[in-house]
Amino acid sequence: MDQNLAYLREVLSNYTEENEAISHIVEQLVHSNYASEKDFVDALEQEDVEMLSQLLNKEMHYANESGDHERGYQLNEIYEILY
């Protein structure tokens with residue numbers, strides 16, 4: 011799995027109990043073999059893109075505030091592809 015997608019999967023796993031849509035996205039990440047972040051994003055529904063955008067924005071802010079700039083960078087790579 012692509013490193014950026016691995017970071018995303020790790021972040022999303024914190025929300026799977028709260029949100030069924032996120033659980034579905036995590037299942038897609040686990041069971042599909044995406045060659046790139048773009049392939050993953052292209053497979054998402056528009057509502058998933060919007061939800062993921064909000065969540066990534068929050069998580070990137072948290073990562074940067076806590077000094078985990080690598081995680082912030084990796085998540086930003088996916089965030090930029092969303093739009």
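Our numbering puts the first residue of the sequence shown at 11, with every later residue one more than the last. Glycine is no exception: its CB is placed at the ideal position from the N, C-alpha and C atoms. A quick note: this is a predicted structure, and the numbers were derived from the prediction, not measured.
Own chain partners of R19 with C-beta closer than 8 Å, once the 5 adjacent residues on each side are dropped: M11, V36, L39, V40
E90 and N14 look like a contact to me (Cβ under 8 Å); what is the Cβ gap, rounded to whole Å?
Rounded, the Cβ-Cβ distance is 10 Å, inconsistent with contact.
* To do: Write down the C-beta distance between Y17 and Q84 rounded to the nearest angstrom, noting that I regard them as a contact closer than 8 Å.
  => 4 Å
Using the Cβ count rule (16 or more neighbours within 10 Å means buried), how would you classify A45?
exposed
**Asked** DSSP three-state call for L54: helix, strand or coil?
**Response** coil
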